[in-house]
Structure formats: structure tokens, C-alpha cells
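Asks: Count the sequence shown with this note's numbering and you get residues 6 to 218, in order.
Every residue gets a Cβ at the ideal spot worked out from N, C-alpha and C, and that includes glycine.
Quick caveat, the model's predicted, so the values are computed rather than measured.
The structure's right below; bear with me while I get my questions together.
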Amino acid sequence: MLSRLAKLVSGSSKSSHPADLYQQRLAIYERELGEPEHTFTDGTERRIDIHAFGRDFVPECQEGSDEGYVLLTNGMSEQRMPGAHGDAKPRAELMWYVREPTPEICANLRWLANLPFIDTTWFGFGHRVALPIPPVAGTEFQTFLFLTPIIEPDKRIAEALEIADDPVEILTVHLISHQELALIKSESLDPFLDLLDENDYPPIFDPARRSYV
């Protein structure tokens with residue numbers, strides 16, 4: 006058992022069986038995040054499970070606490086996203102930092118993870134999914150934005166994931182306002198990212214966050 010786990014964590018196992026790939030991803034997740042507190046299983050044929058890892062988002066060098074969860078899909082990367090082209094990473098898993106892994110949030114995350122295969126598209130850094138109504142109670146924001154992790158353990162997960170010689174992108178999920186979306190469309194993503202820094206954008210999703218534009 007230990008030798009098998011070591012192979013999975015190191016990535017030396019070359020099995021392409023879905024169950025083995027699932028366990029390989031989970032072993033990499035657990036190496037960086039510990040054991041999940043919850044796993045929300047998916048009974049559909051594609052099977053995109055969601056693991057919830059508890060985390061205190063305040064760095065160890067600082068006082069206080071800011072407890073929440075890292076939600077991470079497991080199964081989206083089993084298939085190449087059909088719309089990926091060029092240098093785009095053809096496989097992805099989604100990550101969302103939340104206060105609590107509510108059924109509403111998990112349902113949205115699983116829907117997003119299935120969307121590329123429904124709409125024959127792909128997700129990458131800076132891509133958006135605009136909706137006609139807010140997807141989560143308590144917020145007026147209607148557009149999902151995908152970025153990449155900046156927290157070290159999450160970056161290491163992204164660096165370690167690979168399937169059939171394809172790198173797997175880890176994309177973090179964010180909700181933005183109409184005004185913020187307009188800024189990205191008119192001036193590109195960089196000015197918006199600067200606004201996140203200037204406003205100390207919280208890592209944990211806050212449905213009551215004010216628009217920065």
C-alpha cells in the first residue's frame with residue numbers, strides 16, 4: 006500500500022485507468038492540503054467529485070485566523086476540454102476558496118467543471134462565464150472569472166498534475182461585477198488584477214464584497 010501511494014504521489018505510476026488517475030490526483034491534493042474534511046461525490050457517468058479541505062488562510066507568520074475551505078474538483082481533467090487549442094492546457098481542475106462548502110456552491114462548481122464538455126469549449130486563465138442571474142445567494146455578481154493559484158501549496162498541486170503527458174491546469178474560481186467585467190473587456194485583465202491588489206481582495210469568496218469599479 007505504501008509503495009503504491011509513493012508511486013501515485015511521485016507521478017511515476019503510468020496507469021490510465023480512471024480509478025487510478027482519481028487516486029493519483031487525490032494523493033497529490035492530500036500531500037499539499039492534508040485529508041479532505043468532506044468529499045461530495047458525483048453519481049453521474051463523468052463523475053466529478055468535490056473535495057473540501059479545511060484551511061486557515063492567515064499566514065503562519067501573522068496573528069489571528071481566517072478559516073475556510075479549499076474546494077477542489079477531482080474528475081474534470083479525465084477528459085481533454087474539446088475547445089482547447091495551441092499552447093492552451095487541454096485539461097483542468099477547478100478550485101474555489103469558500104467560507105463553507107454549501108450545496109449551492111458545490112452545485113455551481115460541478116456545473117462549471119462540466120460546462121466545457123457541454124458547450125464544446127475550454128477554460129483557461131482570464132476566461133469568464135457570464136450568467137443572466139447571480140448564481141449564489143447574497144451576491145449581485147453574475148460572472149465567473151478563472152485565475153490561477155497564487156498560494157504556494159495550490160501552485161505546487163498545479164505543477165504536479167499530469168495525465169497522458171498533458172499538464173493539468175488548476176483554475177481558481179471568482180465572481181465579479183458587471184462593472185469589473187466591463188473593465189476587463191475594455192482595458193484587459195491586468196488593470197483589474199491591479200485593483201484586486203489595491204483593495205486587498207480577500208482569498209475567501211465573500212458574496213457581499215463591493216465592486217472595485
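1. Classify Leu200 as helix, strand or coil using the three-state DSSP reduction.
2. Starting from Phe122, trace the alpha helix (DSSP H) in both directions and tell me its first and last residue.
3. Provide the residue(s) that pair with Tyr27 in DSSP beta bridges, ordered along the chain.
4. What would DSSP say about Asp61, mapped onto helix, strand or coil?
5. Could you tell me which residues DSSP puts in a beta bridge with Gly73?
6. In angstroms with no decimal places, state the Cα-to-Cα distance between Tyr34 and Ala89.
7. Quick one: what's Tyr243 bridged to in DSSP?
8. Taking only the alpha-carbon atoms, compute the straight-line gap between Thr44 and His56 and give it to the nearest angstrom.
9. Measure the C-alpha to C-alpha separation of Ala118 and Leu26 and round it to an integer number of angstroms.
10. Strictly by DSSP, which residues pair up with Leu150?
11. Ends of the alpha helix (DSSP H) at Ile155?
12. Under a three-way DSSP split, which group does Asp171 fall into?
13. Going by beta carbon distance, what residues of the same chain come within less than 7 angstroms of Asn242, once the five residues before and after it are set aside?
14. Provide the residue(s) that pair with Ala97 in DSSP beta bridges, ordered along the chain.
15. Using beta-carbon positions only, say whether Leu77 and Leu38 come within less than 9 angstroms of one another.
16. On the premise that Thr148 lies in contact with Arg133, defined as a C-beta separation below 8 angstroms, what is that separation, rounded to the nearest angstrom?
17. Any heavy atom of the ligand MG within a distance shorter than 8 angstroms of the CB on Ser191?
Replies: Checking against the coordinates, here is how it stands:
1. helix
2. Pro108 to Asp124
3. The partner list for Tyr27 (beta bridge, DSSP) is empty, contrary to what the question assumes.
4. strand
5. Arg60
6. 24 angstroms
7. With the chain covering 6 to 218 only, the question about residue 243 has no answer from this structure.
8. 4 angstroms
9. 17 angstroms
10. Arg133 and His179
11. It is not in any alpha helix (DSSP H) - Ile155 carries neither H nor E in the DSSP assignment.
12. strand
13. No information on residue 242 is available, as it lies outside the stretch 6 to 218 that the chain covers here.
14. Glu174
15. yes
16. 5 angstroms
17. The model on display carries no ligand, and the ligand MG is accordingly not part of it.
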